[in-house]
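Student: Dropping a structure here in structure tokens format, bear with me for questions.
Protein chains: 2
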Amino acid sequence: MHTMTSSDTTDLLDPPPGGVLGGVAGRVDAVLERFLRARADELADLDPALEPVADAVTALVSAGGKRLRPAFVWWGYRAATGHTDPEVLKPAGAVELLHTFALIHDDIMDRSATRRGLPAVHTALRDHHIEAGLSGDPEWFGVGGGILAGDMVFVWADMLFEAARLEHRAMARARRVFGQLRAEVMAGQYLDLRLSGLPAASEADSLRVSLLKSGRYTVTRPLQMGAALGGTDPDLDRTLSTFGDAVGVAFQLRDDVLGLLGDPDTTGKGSLEDIREGKRTMLILHARDQATPAQREVLDRVVGNPDATRDDADAVRQIVVDTGAADHVEAHLTGLRADADRAVEHLSDPSRSALLELASVAVDRSA
Amino acid sequence: MHTMTSSDTTDLLDPPPGGVLGGVAGRVDAVLERFLRARADELADLDPALEPVADAVTALVSAGGKRLRPAFVWWGYRAATGHTDPEVLKPAGAVELLHTFALIHDDIMDRSATRRGLPAVHTALRDHHIEAGLSGDPEWFGVGGGILAGDMVFVWADMLFEAARLEHRAMARARRVFGQLRAEVMAGQYLDLRLSGLPAASEADSLRVSLLKSGRYTVTRPLQMGAALGGTDPDLDRTLSTFGDAVGVAFQLRDDVLGLLGDPDTTGKGSLEDIREGKRTMLILHARDQATPAQREVLDRVVGNPDATRDDADAVRQIVVDTGAADHVEAHLTGLRADADRAVEHLSDPSRSALLELASVAVDRSA
């Protein structure tokens, strides 16, 4: 289907075991594991007291995650070149480490004590403070240590990116996309923080945040980064951008739906969390828009109330269904999926079918 | 004195106006100002709601600082090549932006409300939350927003570094040093946080933290980064490392002395802060080691006590003088200065005299 080159290792990943995602995930995990072990050794050499930081970060990375972002880097490269190169696993792993950094800082800002079924990094470092018998406030040590652990992983993401032995102009192109990805996610996170406190937030405000902190960050920029490692092609770049923005926003909308209406046993996330945090999702904003005065009173009282009860949450969920907000978001999701499918129509296989499969993984999920 | 090359712009900086530091600082400031204006425009294009973030960061950078780290990058390059190149101002500015990031996160961890005579970034964003009439907890919005603003500047530091149009192998060498610098400062900051809670901290523990979070970060790595942009020379690298570690640790010791014994009107820092934070400086650790039981009782009661009074602080200062800890640290400083002078003995001018002058600025200061 394409010209064989010296870096063509199609047998390595085509067809990949465990679907498009599984095939990349296992190999990225191997890269991450080796890389993190080396960083942990370096930290221990600097000072054995740094071990709890390395341990907490390694535990978080090992505890899973779908490795969706690395898969998009991988398939962006594949779409651009038609072949595979194991060196691409390093920038792909870098994007996963950047996500690890974002989760660590996020859990501090959201005051979430757990992540992926483990203590969040700031919780683990608080516990270390207590176990080691250090003096001072363990909670604040956890916050400070967590900020620094996140910053450390941020640097590591960069180091893993730079470890890739790829042509230096390709690296320079991809580095620019990586810079853009990182600036946008920070901007999106800040706007999200602000949105929670915005009295007159609109569906448009919410969609813009979803595009920056999720669409661009999770799908579009990883795809473009992979493509940039392969070459320069404005047409492909536009295709990946249209596909990525649609799938990425859909990914966030699915996340919002699961956070509010999903089964906590499957999502691993307390169903009350998003409500107590006061997340202004499209779901909530549309419900508020369509609500009766009585329903609106409930929404205003419960959403963003850190003391909201399970009964309160049930009432909000019922309103989201009764106002048609749940259906409204599902319809929007269907439209985004159609946009995404159309965008990659002219790509050839296996890239086209891999991207469609990744879109399914991102959007049609229950966890 | 050296071969003229096309990138030789000796007239630009030799002799520099305002001393070795002033000459670089003005030019770095111009680079930073232009760069930050472009980033602020980009943020405003993404969403006008991002303006308070850009404003707070720009205000902090504009409020000053000695631009000591950029000067070390500049003179590292000069020592390696004998000439100057305006492109070096970009990596030099990147090191200053990285320092800005560190200050923003530091002020959150230390709960410092002000910096350089202005509201700290997290304070400015808290104030914005109140003025904009957002709902929710303004303090926590400030913390979250400050973490994200810091993360944003971290990305910007990288972008400014990458903007330098220098030979790609030189950039690759310097990038490795920049990675090392960033990992070390995070490690040093964590160890410093931990040191504050360590019941049996020793002078050796304190010196190791000073080496990582200050010596390497402020002097050695910036110098080596500049040198790496110029070429590869193991002898010069060793010279800069010996000089840098000595000056850098001395810089931190001077900071500790000024923080405890300096004039708050000159240092711009409340004299109580370091005592309340419980900083385990060489000064405090040596005093504790030499203290009578009565003096030790005072130190244990006051250092790290967030409610310590001015009288408590005066008592601690008196003990630091009476136990000979102040003299002990001054003697150590003199030794480090001698090590630094000896290290650069064989370098030729103007690099040698510039480095000695920078060492003076770093160590023999009253603010």
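These protein sequence lines map, in sequence, to chains W and U.
Be aware that the first sequence starts at 1, since it is given in the numbering used here, and climbs by one per residue.
Be aware that the second sequence starts at 1001, since it is given in the numbering used here, and climbs by one per residue.
All C-beta atoms in this analysis are idealised placements derived from N, C-alpha and C, irrespective of residue type, glycine included.
Everything numeric in this text was worked out from a predicted model, so none of it was measured.
1. Could one say the Cβ of D1235 (chain U) lies closer than 9 Å to chain W's Cβ atoms, at least one of them?
2. Might you give, ordered along the chain, the residues of its own chain that have their beta carbon closer than 6 Å to the beta carbon of H1128 (chain U), omitting 5 neighbours on each side?
3. I think E203 (chain W) touches M109 (chain W), with their Cβ atoms under 8 Å apart; what is that distance to the nearest whole Å?
4. According to DSSP, is R115 (chain W) part of a helix, a strand, or is it coil?
5. Taking only three categories from DSSP, how would you classify P306 (chain W)?
6. What residues from the region 46–58 of chain W come within 7 Å of chain U, judged by C-beta to C-beta, listed N to C?
7. Strictly under 9 Å for the Cβ-Cβ distance: is I1147 (chain U) near chain B by that measure?
8. Leaving aside the five residues before and after D256 (chain W) along the sequence, list all residues of the same chain whose C-beta is less than 6 Å from its C-beta, in chain order.
9. Evaluate contact between the region 1113–1127 of chain U and the region 57–77 of chain W, counting only Cβ atoms and requiring at least three cross-stretch pairs below 8 Å.
10. When the distance is taken between beta carbons, is M171 (chain W) closer than 9 Å to E162 (chain W)?
11. Under 8 Å, CB to CB, which of the residues in the region 261–295 of chain W have a partner in chain U?
12. Could you round the C-beta distance between G226 (chain W) and G76 (chain W) to whole angstroms and report it? I think they count as a contact, below 8 Å.
13. Specify the secondary structure class of H1002 (chain U) as computed by DSSP and reduced to three states.
14. Could you work out which residue in U:L1193, U:V1088, U:L1166 is closest to D1274 (chain U) when comparing CA atoms only?
15. Less than 9 Å between the beta carbons of L358 (chain W) and V320 (chain W), yes or no?
16. I'd like to check one pair, L1355 (chain U) with A1174 (chain U): are the Cβ atoms closer than 9 Å?
17. Is there a Cβ of chain U sitting closer than 9 Å to that of Q189 (chain W), yes or no?
18. Determine the direct distance from the alpha carbon of A1187 (chain U) to that of E33 (chain W), and round the result to whole angstroms.
19. Is there a Cβ from chain W that is less than 9 Å from the Cβ of S1351 (chain U)?
20. Name the residue from W:A291, W:A331, W:F251, W:E87 whose alpha carbon lies nearest to the alpha carbon of A367 (chain W).
21. Return the chain-ordered list of same chain residues with a C-beta closer than 8 Å to the C-beta of L181 (chain W), the five sequence neighbours on each side being excluded.
22. According to DSSP, simplified to helix, strand and coil, what is E1167 (chain U)?
23. Is there a Cβ of chain W sitting closer than 9 Å to that of M1186 (chain U), yes or no?
24. Please name the residues in the region 194–212 of chain W whose beta-carbon is closer than 8 Å to at least one beta-carbon of chain U, in chain order.
25. Whose C-beta lies closer than 6 Å to the C-beta of M1001 (chain U) among residues of the same chain, with five residues either side of it excluded?
26. What residues in the region 159–181 of chain W bring their beta carbon closer than 7 Å to a beta carbon of chain U?
27. How would you write the range of the alpha helix (DSSP H) that D1289 (chain U) sits in, first residue to last?
28. Between the alpha carbons of W1140 (chain U) and A54 (chain W), how many angstroms are there, rounded?
29. Give the straight-line distance between the Cα atoms of S1241 (chain U) and L1253 (chain U), rounded to the nearest whole angstrom.
30. Give the residues of chain W in contact with H1108 (chain U), contact being defined as C-beta atoms less than 9 Å apart.
31. According to DSSP, is P199 (chain W) helix, strand or coil?
32. Strictly below 9 Å CB to CB, what residues from chain U border M152 (chain W)?
33. Would you call the region 195–212 of chain W and the region 1131–1139 of chain U touching, i.e. three or more CB-CB distances under 8 Å?
34. What's the gap between the Cα of S1206 (chain U) and the Cα of K1213 (chain U)?
35. Taking the straight line between their C-alpha atoms, what separation do you get for T309 (chain W) and D300 (chain W)?
Tutor: With the given structure in hand:
1. With a threshold of 9 Å between beta carbons, D1235 (chain U) makes no contact with chain W.
2. Excluding sequence neighbours, H1128 (chain U) sits near P1052.
3. Their Cβ separation, rounded to whole angstroms, is 24 Å, which puts E203 (chain W) and M109 (chain W) out of contact at 8 Å.
4. Three-state result, R115 (chain W): strand.
5. P306 (chain W) falls in the coil class under three-state DSSP.
6. Result list: L46, D47, A49, L50, V53.
7. As a matter of chain content, chain B is missing from the structure shown, whose protein chains are W and U.
8. Excluding residues within five positions, the ones whose Cβ falls inside 6 Å are T281, L283.
9. They do not touch, by the three-pair rule.
10. Yes, the Cβ-Cβ distance between E162 (chain W) and M171 (chain W) is below 9 Å.
11. Within the region 261–295 of chain W, the residues whose Cβ lies closer than 8 Å to some Cβ of chain U are G278, listed in chain order.
12. Their Cβ separation, rounded to whole angstroms, is 3 Å, which keeps G226 (chain W) and G76 (chain W) in contact under 8 Å.
13. Confidence in H1002 (chain U) is poor, its pLDDT being 39 and thus under 50, which makes the residue's placement unreliable; the coordinate value appears in the next sentence. Residue state, collapsed to three classes: coil.
14. Scanning U:L1193, U:V1088, U:L1166 for the CA closest to the CA of D1274 (chain U) turns up U:L1193.
15. No; because the gap between Cβ atoms is not below 9 Å, this pair is not in contact.
16. Not in contact: A1174 (chain U) and L1355 (chain U) (Cβ atoms no closer than 9 Å).
17. The beta-carbon of Q189 (chain W) is placed less than 9 Å from the nearest beta-carbon of chain U.
18. Taking the straight line joining both Cα atoms gives about 20 Å.
19. Proximity of S1351 (chain U) to chain W, defined by a Cβ-Cβ separation below 9 Å, is not satisfied.
20. For the residues W:A291, W:A331, W:F251, W:E87, the minimum Cα distance to A367 (chain W) belongs to W:F251.
21. Excluding positions up to five away in sequence, the list reads V95, L98, R216, Y217, R221, P222, M225.
22. DSSP, reduced to helix, strand and coil, places E1167 (chain U) outside both helices and strands of the structure shown, so it counts as coil.
23. Interface annotation, M1186 (chain U): in contact with chain W, CB-CB separation under 9 Å.
24. Listed by position along the chain: R194, S196, G197, L198, P199, R208, L212.
25. Bear in mind that a pLDDT of 35 at M1001 (chain U), under 50, signals an unreliable position, so the model cannot answer this.
26. Interface annotation for the region 159–181 of chain W against chain U: M159, E162, H168, R175, G179, criterion Cβ-Cβ distance under 7 Å.
27. Looking at the DSSP string, the run of the alpha helix (DSSP H) that includes D1289 (chain U) is 1282–1290.
28. Approximately 27 Å, taken between the alpha carbons.
29. Each residue's alpha carbon lies about 18 Å from the other.
30. According to the sequence as given, residue 1108 (chain U) is Ile; it is not His. V143, G144, I147, listed in chain order.
31. Under the three-state reduction of DSSP output, P199 (chain W) falls in the coil class, being neither helix nor strand.
32. By Cβ distance, chain U contributes R1182, A1183, M1186, A1187, Y1190.
33. Yes, the region 195–212 of chain W is in contact with the region 1131–1139 of chain U.
34. Near 11 Å, if we compare the C-alpha coordinates of K1213 (chain U) and S1206 (chain U).
35. Rounded to whole angstroms, T309 (chain W) to D300 (chain W) spans 14 Å at the Cα level.
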